[in-house]
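Single-structure report; data block below.
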Amino acid sequence: MNDVIHSCLCQFVLVFLDDILVYSNTWADHLGHVCLVFEKLHEYGLVAKRSKCTFGQTQVEYRGHIVSPTGLVVDPMKVEAIRAWLVPTTIKGVRGFLGLAGYYRRFIKGFTIIAAPLSDLLRNGKMFEWSESTQ
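Position in the sequence shown (first residue = 1) + 85 = our numbering.
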């Protein structure tokens, strides 16, 4: 799906597998954006199932995000889940935390640098050791 509407991604479209979310600043923009997405789908021989479509919402929760007139933000419940995450005691736990936190990397300035000590724990042959830098 990303290949189908790649020119619209992160401008006014979010895609997850076959779910498409179109967001816009104004109603006029929104109508144009929705039309453009439908044109792209048609161009590639794809269709949207009407029963799964919802139009004209002012706020929606979508894959851990809230899209509203103020913009795209992380769902506060997801932020709380990240904050409440127990300190990992295994490599599997570190992977799980990095997976959740990494999903929101676009909202975290310097994510790669911040997460580097945790990512280092995942390197082969590295012994699991929780330290001040990983905390």
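Where a beta carbon is used, it is the ideal one built from N, C-alpha and C, also for glycine.
Query raised in the report: Taking all protein chains shown into account, do 16 or more other C-beta atoms lie within 10 angstroms of the C-beta of residue 158, making it buried, or fewer, making it exposed?
Result: exposed
Query - Identity of the residue in 215, 104, 165, 118 nearest residue 179 by Cα - result: 215
Query - Inter-residue Cα distance where the pair is residue 160 and residue 211 - result: 34 Å
Query - Nearest-angstrom Cα separation, counted from residue 217 out to residue 202 - result: 10 Å
**Report entry** Burial state of residue 132 (16 or more Cβ within 10 Å)
**Finding:** exposed
Query raised in the report: Based on the DSSP output, what are the partners of residue 118 in its beta bridges?
Result: Residue 118 pairs with nothing; no bridge assigned.
Query raised in the report: What residues in its chain sit with their C-beta under 7 Å from that of residue 113, if we drop five residues either side in the sequence?
Result: none
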